[in-house]
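Engineer: Here you go, one structure.
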Amino acid sequence: MSDEKRLPGSAGPLPYRARKPLPDHPVRVALLDLLAEAGTVTSTEAAARLGHSSGLCSFHLRQLAAHGLIEEAPHKGGRVRPWRLRWETSREPGQEGEAEFDALARGLEDESYQHWLSHRDRAPAEWRQDDSFSAVIHMTPAEMAELASSVRDLLAVYREREDHPGERPAGAVAVAAVTRLFPLLADNPGRPHPV
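For the sequence shown, the working numbering begins at 66 and goes up steadily by one.
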């Protein structure tokens, strides 16, 4: 069973570029939200959390993977298949679906943050704060790239815990770390504000 739309007379699914970039099925949206919150889930865990059957969750997890939105997380084999979001994209020029994936990732980040704001009063006291901050800084394109690389390096230590749960300290939970570096545009959208 597939809910991908086909053109009349077409023999196969539409190429990735023509597929819808955002899931329009409530189970898929719920699975993406759950993955953003939990980091990794199996179809059995998703079923227990969402109140659906394991088979239904498994089907929709595979569909999300087919669309490039999630991937199998490293595991020790066996029947257990944990899944995780595919947050990082290859930056090779011309890669199909890159813009759509980036838009989805930004939307999930924004939605996850709004969910946090509206539910943070339910979190344990030690987790109720967030460390959101922003600043306008003046830099060159090379400096912006260097800063982005430095932030990635800082986060790399913590990202390794995704693949090695045994290395997580007691009390560690999934935390969204969002960094956006972009030039502020002047009234002429083709030209950034001068430094």
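Backbone N, C-alpha and C define an ideal beta-carbon position, used for all residues, glycine too.
Please state the DSSP three-state secondary structure of Val216.
Structural biologist: Here Val216 sits in helix by DSSP.
Engineer: Indicate the three-state DSSP secondary structure (helix, strand or coil) for Thr109 in the structure shown.
Structural biologist: Thr109 falls in the helix class under three-state DSSP.
Engineer: Starting from Leu150, follow the beta strand (DSSP E) in both directions and report where the run begins and ends.
Structural biologist: Element bounds for Leu150: Trp148 to Leu150.
Engineer: Spatial neighbours of Asp186 within its chain, please: C-beta separation below 8 Å, excluding the five flanking residues on both sides.
Structural biologist: The residues are Arg193.
Engineer: Which value, in whole angstroms, describes the spacing of the CA atoms of Pro189 and Ser119?
Structural biologist: So the two alpha carbons sit approximately 30 Å from each other.
Engineer: State the Cα-Cα distance for the pair Ala111 and Trp148, rounded to the nearest angstrom.
Structural biologist: When rounded, the distance between both Cα atoms is 10 Å.
Engineer: What is the DSSP secondary structure of Asp126, counted as helix, strand or coil?
Structural biologist: Per the sequence presented here, residue 126 reads as Leu, with Asp not at that position. Three-state result, Leu126: helix.
Engineer: Contact between the region 130-140 and the region 202-221 is defined here as three or more beta-carbon pairs at a separation below 8 Å; is this criterion met?
Structural biologist: Too few Cβ pairs lie closer than 8 Å, so no.
Engineer: Per DSSP, what kind of secondary structure is Leu96 in: helix, strand or coil?
Structural biologist: Leu96: helix per DSSP, three-state reduction.
Engineer: Assuming the contact rule is C-beta atoms closer than 8 Å, Leu115 and Ala95 should be a hit. Round their C-beta distance to whole Å, please.
Structural biologist: So it is a contact: roughly 5 Å between Cβ atoms.
Engineer: For Leu115, does the three-state DSSP call read helix, strand or coil?
Structural biologist: Looking at Leu115 - three-state DSSP - the assignment turns out to be helix.
Engineer: What number of angstroms, rounded off, separates the C-alpha of Thr109 from the C-alpha of Leu249?
Structural biologist: Looking at the two C-alpha atoms, the distance is approximately 45 Å.
Engineer: Here's a check: name, in chain order, each residue in its chain whose Cβ is nearer than 7 Å to the Cβ of Leu220, leaving out the five neighbours to either side.
Structural biologist: Ala242.
Engineer: Starting from Ile202, follow its DSSP beta bridges and name the residues at the other end.
Structural biologist: Answer is none; Ile202 lacks a bridge partner.
Engineer: Determine the direct distance from the alpha carbon of Tyr223 to that of Gly231, and round the result to whole angstroms.
Structural biologist: Going from the Cα of Gly231 to the Cα of Tyr223 covers about 12 Å.
Engineer: Just the C-alpha distance for Arg144 and Ala200, rounded to the nearest angstrom, thanks.
Structural biologist: Those two C-alpha atoms are separated by around 47 Å.
Engineer: If you draw a straight line from the alpha carbon of Pro139 to that of Gly172, how long is it in whole angstroms?
Structural biologist: Approximately 25 Å, taken between the alpha carbons.
Engineer: Determine the closest residue to Phe247 out of Asp195, Leu99, Leu212 and Ser197, with distance taken between C-alpha atoms.
Structural biologist: Of Asp195, Leu99, Leu212 and Ser197, the residue nearest in Cα terms is Leu212.
Engineer: Can you give me the C-alpha to C-alpha distance between Leu97 and His203, rounded to a whole angstrom?
Structural biologist: If I take the Cα positions, the gap works out to 36 Å.
Engineer: When you compare each of Glu136, Gln179, Glu191 and Ala113 to Val238 by their alpha carbons, which one comes out closest?
Structural biologist: Cα-wise, what sits closest to Val238 is Glu191.
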